[in-house]
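*Asks:* Next up is a structure, given as structure tokens.
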Amino acid sequence: MDFKCTVQVRKEAAEVLIGEHMQTVDAKFRVNIPSGFRADLGSVFVVAKGVNCIAVYPKEEWIKFLEGLTDVKKLRFFASGSKECELDTQGRIVIPPNLREYIGLKKEIAVIGAFKRVEIWDRETWNNYFDSDTYSAENIGSLLRPEELI
């Protein structure tokens, strides 16, 4: 008896961006975009103001985000501070001066996957964001609803 097996390989990008990468920016404020994030971001993506961070969106997600804003003042805030980017040959982007200033970027950073976008944080700000007993291993279960528990 012969069996035939067909395997299909998916070549699409993943649907979620996850992970945490600690880095140091160089003197030109270049940030290495981790290889696991690159395919999902696409060849042209957008860097923009986020909440306490710099948000890096695939262009399609950025357009969806802007289309979802109902207040023209919010639209102007996010759109005016954003910039389209491409990776250099070493997988890096240069953080624009307005965004460096916006988050008080120093030398040490955290690059994190945040579902549909990547976020770039000043590392001290990132560490302080979770520097609380609230998000300790012992307490994290109490923050989640039963259906959210893994």
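According to UniProt numbering, the sequence shown is numbered sequentially starting from 1.
For each residue, glycine too, the CB sits at the ideal point set by N, CA and C.
As the structure is a computational prediction, the values presented were derived from the model and not from experiment.
Please state whether the Cβ-Cβ distance between Leu99 and Val47 is less than 9 Å.
*Replies:* Against a cut-off of 9 Å, the Cβ pair of Val47 and Leu99 comes out as a contact.
*Asks:* Taking one C-beta from the stretch 72-92 and one from the stretch 129-139 each time, how about it: are there three or more such pairs within less than 8 Å?
*Replies:* No, the stretch 72-92 is not in contact with the stretch 129-139.
*Asks:* Checking the sheet assignment: what are the DSSP bridge partners for Cys85?
*Replies:* Cys85 pairs with Phe45.
*Asks:* With DSSP collapsed to three states, give me the class of Asn32.
*Replies:* The answer is strand: DSSP assigns Asn32 an E or B state.
*Asks:* Restricting to Cα atoms, I'd like to know which of His21, Ser132, Lys64, Lys49 is closest to Phe37.
*Replies:* Looking at the Cα atoms, His21 is the closest of the given residues.
*Asks:* By how many angstroms is the C-alpha of Trp62 removed from the C-alpha of Val25?
*Replies:* Going by the C-alpha atoms only, they are around 24 Å apart.
*Asks:* Can the beta-carbon of Gly19 be found closer than 9 Å to that of Pro34?
*Replies:* For Gly19 and Pro34, yes; Cβs fall inside 9 Å.
*Asks:* Does DSSP classify Ala55 as helix, strand or coil?
*Replies:* Ala55 falls in the strand class under three-state DSSP.
*Asks:* Which same chain residues end up closer than 6 Å to Lys116 when comparing Cβ atoms and leaving out the 5 residues on each side of it in sequence?
*Replies:* Glu61, listed in sequence order.
*Asks:* Which of the three DSSP states, helix, strand or coil, is assigned to Arg92?
*Replies:* The answer is strand: DSSP assigns Arg92 an E or B state.
*Asks:* Can you tell me the Cα-Cα spacing of Val111 and Glu148, whole angstroms?
*Replies:* Whole-angstrom Cα-Cα distance: 25 Å.
*Asks:* Ignore the nearest five residues each way along the sequence and tell me which others in Phe78's own chain have a CB closer than 8 Å to its CB.
*Replies:* Excluding positions up to five away in sequence, the list reads Ala48, Lys49, Phe65, Leu66, Leu69.
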